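Encoded as structure tokens, the structure appears first; notes follow it.
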């Protein structure tokens, strides 16, 4: 079946512009995660959604970052007024954690470059 | 801040040798997972071990968990060039479905 997809795969933007990153999780997965990975580094947790519960936004680095998940499926991560330090690969993952299956399935990521 | 810290940061071995990497974490967990990432792209789940388990095997992978020391190790036996990748541990934050990933170990297997 289809895995997690993300778009765009690459995004180059000018400092100060807003960007939207999209994630399509595996159908039926109740949990959706966003992570950020800088070059050669580990994954930094940003936010997760689980079912109809309020999202855990504790990892968002600033109020320029926001995310929403519509209809329990597709998610959009928005970064306003982008800064050069926002340059990274943004990874999305989905999971069936609510049903006792904790494995996360990752998308290929969106490489964001802020110039 | 990162909960998991892997060591070594980088490891280079010959094909056929075993590779061991370690993960330490800070708070109580329900489970710990190991993931592999090739060429800076998507991550793939390898194995999960629950807090009440001490050891788990999957093919050439062996994972141990010591909750008293808050540490885990991943052993890859009879390594192959295709095992070249970065390996990350991920721990859940107890009471939530939030996961914190470690800093990763970069493994290079030389043919």
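Protein chains in written order, with the working numbering: chain C, 1 to 115; chain P, 1 to 111. The beta-carbon is built from N, C-alpha and C at its ideal position, and this holds for glycine as well. Fair warning: this is a prediction, and the values are worked out from it, not measured in the lab.
- Query: Quick one: Cα of residue 68 of chain C to Cα of residue 110 of chain C, how far?
  - Reply: 17 Å
- So, residue 80 of chain C versus residue 114 of chain C, is the Cβ gap smaller than 8 Å? no
- Message: I'd like to know whether the C-beta of residue 87 of chain P is nearer than 8 Å to at least one C-beta of chain C.
- Response: no
- Hey, quick one: how far does the beta strand (DSSP E) through residue 74 of chain C stretch, first residue to last? Careful: residue 74 of chain C lies outside any beta strand (DSSP E) and carries neither H nor E.
- Closer than 7 Å, Cβ to any Cβ of chain P: which residues of the region 43-60 of chain C, in chain order? 43, 45, 48, 50 and 56
- Task: Please confirm if residue 68 of chain C has its CB atom under 8 Å from at least one CB of chain P.
- Result: no
- Once you ignore the five residues that flank residue 88 of chain C on each side, which residues in its own chain have a CB closer than 7 Å to its CB? 36, 37, 38 and 112
- Name, please, each residue of chain P whose Cβ falls closer than 9 Å to the Cβ of residue 20 of chain C. Those within 9 Å of residue 20 of chain C in chain P number zero; the least Cβ separation is about 21 Å.
- In this structure, does DSSP put residue 130 of chain C in helix, strand or coil? There is simply no residue 130 of chain C to check, as chain C begins at 1 and stops at 115 in what is shown.
- Query: Out of P/83, P/99 and P/97, which has the shortest C-alpha to C-alpha gap to residue 37 of chain P?
  - Reply: P/83
- Neighbourhood of residue 66 of chain C by C-beta, 6 Å cutoff - its chain only, sequence neighbours within 5 removed: 78
- Task: Could you check which residue in C/46, C/47, C/8 and C/2 has the C-alpha nearest to that of residue 25 of chain C?
- Result: C/2
- Residues of its chain near residue 64 of chain P, where Cβ-Cβ distance is below 6 Å and the 5 sequence neighbours each way are ignored: 55 and 73
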